[in-house]
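These notes concern the structure reproduced below.
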Amino acid sequence: MAEADIALIGLAVMGQNLILNMNDHGFVVCAFNRTVSKVDEFLANEAKGTKVIGAHSLEEMVSKLKKPRRIIMLVKAGQAVDDFIQKLVPLLDAGDIIIDGGNSEYTDTTRRCKELKAKDLLFVGSGVSGGEEGARYGPSLMPGGHKQAWPHIQNIFQSIAAKVGTGEPCCDWVGDEGAGHFVKMVHNGIEYGDMQLICEAYHLMKDVLCLDHDEMAKVFDTWNKGELDSFLIEITANILKFYDTDGKHLLPKIRDSAGQKGTGKWTAISALEYGMPVTLIGEAVFARCLSSLKDERIQASKHLKGPKETTFHGDKKEFLEDIRKALYASKIISYTQGFMLLRQAAMEFGWTLNYGGIALMWRGGCIIRSVFLGKIKEAFDRNPELQNLLLDDFFLNAVHNCQESWRRVICSGVQSGIPMPCFTTALSFYDGYRHDMLPANLLQAQRDYFGAHTYELLSKPGHFVHTNWTGHGGSVSSSSYNA
Ligand code: 2AM
C-alpha cells in the first residue's frame, strides 16, 4: 500500500535523525539502508513508537511511496550515490524525485541532474547543515536541481528546517543543477573563515593584551550580545570557560594543530578556478595547514626571532573594542567574497541564484548561523540585484565605522609579531577593491616587456597593443605568435 510520504535511504546518524525530524512533523517516512539489518534495528530502537515504516528492498520501498515518489538519500558521497541512482531508475516513473542530501561535490550533482533529466526523473542535490543535532531538530537545508521538484518537496523541507525570526524556515530553493551543493560548499568555506577570524581575535587578546581565559570568555559573551551575535562566538565563550577535571582550563592544553576534511579547500579551489579573490577563506585554509606543521614550528621557534618590544602600552578596553570591530569588518569582507564567488558560479553555469534566500538558509540551523546573516538577507531584499555586499549602505557604513579600529589592530598586531592572516587579507582586499587604480599597469607592462603579452591603454580598453620596450625585442606580440 502506498502510504509513505517520502523514503530515506541511509541509516547513519544523519539519516536517522532526519527521519525522526520528518516524523515529528507528521510525515510518514519509509526507511531503507544498504545493510538491511539496520532497518529493523532502527525500527526496533530509535524509531520505536513512531509512524516510521521500513523496507527490506528498494522494490518494497518504492511500492510503499505515494506519487510522485520522493526518495532522499543520505549515503556516503561518491560511488554510493551513483550506485543507488542506478538501482532506483528502473523502479521509478516519470516525474518521480530523487534527492541527494549527502556531501556530494556540486559537479557530481550537476552531472546527475543531466543524466536523470534524460530519463524524465527529477533530481535534487541538497546541502544539509547543522550536524546531528540540526538534522534532528532543524537543519539548514539548501536544495538545488530540477525546480519542478520543489513544489513537491517544499512542504517537507520547510517543515523540518530550522526556523528564525517569526518562524521563517532556513530552507528555500537555491537554484539549478549543483547549486545547492555549491552553496553548501561555500557555507563550509565561510565557516573556516569565521573560525579563523575568532582565533585571531583570541590570539591578540591572549598574547598582546595578556588576558586570562575568564576575561576572554567575558569579552566573547559580551560580543555575543551585539552585532557579532552568532553560534561560533557563543561556543568560543563556552570553550574559554571550560575547566578540565583537574580544575584547570582545558583550552591551553589542546594541541594547536588544526585538522580539516577538505570542504574549505574546495571553496578555495573553486575561487581559483573561477578567478574570484576569495582570499579570506584561502588564508583560513592555509592557516590550518601552517598550524599543522607543529613539529617544524617548534624547531623554528628556537631560531626565528620576532619583534623585541611586544608589551602593550595602550588602553586595553579600547583595544578590545578595536579587535571587535576588526573582526566585524573582516567578517563583512569574508561574506562579500563568498557572495562574489556565488555570483561568479551563477554566471559560469547559467544558474539563477536566490541570494537573499541563501543568507536566510544560513541564518539558522547551521554552524555559521548569526544575526549578521539577517542583515545580508535584508540587503538582498532591498536590492535583489545587489552587485556587491560592500556597496549596500548598511555594510558600507559598517565597514567605514570599523576601519580605523581595523587598521589599528593590524598595525599593533604586526608590531607585536602576531600572525593575523585573515584580518590582514580582509583589509588588503578592501583596500584593493576600493582603488580605481592599482599597480597592475606595471604588471601588464612587465608581461609585455618579457613575453610580448600585450596591454590595453586606459584610453582604449579592449584594444591590445605591444611595445618594443628594449629596441631589440621586435614588435611582434605573443598573440600574433599564437595566431
Ligand atoms: P551501510 O550501513 O550499509 O554501511 C553512511 O555511511 C551511509 O552510507 C550508511 O547508510 C551506509 O550504508 C551508506 N553507504 C556507504 N557506502 C555505501 C555504498 N558503497 N553503497 C551503498 N551505501 C553505502
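Under the working numbering, think of the first position of the sequence shown as 1, with each following residue one higher. Ideal Cβ placement from N, Cα and C applies to all residues, glycine included.
Residue side-chain check: K38 places its Cβ nearer than 7 Å to a non-hydrogen atom of the ligand 2AM. Boundaries around V399 are those of the alpha helix (DSSP H), D393 to S416, since no beta strand (DSSP E) includes it. One Cα belongs to N388, the other to L88, and the distance between them is close to 42 Å.
Annotated three-state conformation of E309 is coil, per DSSP. Collapsing the DSSP output to three states places Y243 in a strand. A Cβ-Cβ distance of about 6 Å is found for the pair I160 and M22, placing them in contact under the 8 Å criterion. When secondary structure is reduced to three states using DSSP, M340 falls in the helix class. The closest CA to that of I71, considering only G130, A94, I6 and T110, is found on I6.
Between L20 and R112 a beta carbon distance of about 27 Å is seen, past the 8 Å cut, so the two are scored as non-contacting.
Here Y274 carries a coil assignment [DSSP, helix/strand/coil].
Sorted by position in the chain, G10, L11, A12, G15, N33, R34, T35, K38, L74, V75, K76, Q79, A80, D83 and F84 make up the residues whose C-beta lies under 7 Å from a heavy atom of the ligand 2AM. Look at G54 here: in three-state DSSP terms it is strand. In the structure shown, P421 adopts helical secondary structure according to DSSP, grouped into three states.
DSSP lists no beta-bridge partner residue for K48. Judged by pairs of C-beta atoms under 8 Å, the stretch 195–211 touches the stretch 280–288, as three or more such pairs exist. Residue state for C170 is assigned as coil, using DSSP reduced to three classes. In this structure W469 is exposed. Its beta-carbon is surrounded by fewer than 16 other beta-carbon atoms within 10 angstroms. DSSP links V29 through a beta bridge to I6.
Using a 10 angstroms sphere on the CB of K305, the tally of other CB atoms stays under 16, which defines it as exposed.
Residue pairing from DSSP places S126 in a beta bridge opposite P143. Following the DSSP letters along the chain, one finds V219 inside the alpha helix (DSSP H) bounded by residues H213 to W223. Separation of the CB atoms of G189 and G264 is rounded to 5 Å, and the pair is thereby assigned contact status at 8 Å.
Here D100 carries a strand assignment [DSSP, helix/strand/coil]. With distances taken between CA atoms, E309 lies nearest to I418 out of I418, V28 and P151.
Fewer than three beta-carbon pairs drawn from the stretch 356–376 and the stretch 216–223 are found closer than 8 Å, and the two stretches are therefore not classed as touching.
Using a Cβ distance threshold of 8 Å, V124 and I156 do not count as a contacting pair. Look at H203 here: in three-state DSSP terms it is helix. Between T267 and M185, the C-beta gap is smaller than 8 Å, which places the two residues in contact. The beta carbon of L373 lies closer than 6 Å to those of A359, W362 and R363 in the same chain, with the five residues before and after it left out. Closest by C-alpha distance to Q16, out of G101, K64, Y355 and R447, is G101. With fewer than 16 other beta carbons inside 10 angstroms of its own, Q415 counts as exposed.
A direct Cα-to-Cα measurement between F182 and S334 gives close to 17 Å. Residue range K460 to V465 is occupied by the beta strand (DSSP E) that includes G462. Excluding sequence positions up to five before and after A452, its CB lies within less than 6 Å of the CB of H466, S477 and S478, all in the same chain and listed in chain order. For F231 and A118, the gap between their C-alpha atoms comes out near 42 Å. Per DSSP, the continuous alpha helix (DSSP H) segment holding I358 begins and ends at Y355 to R363.
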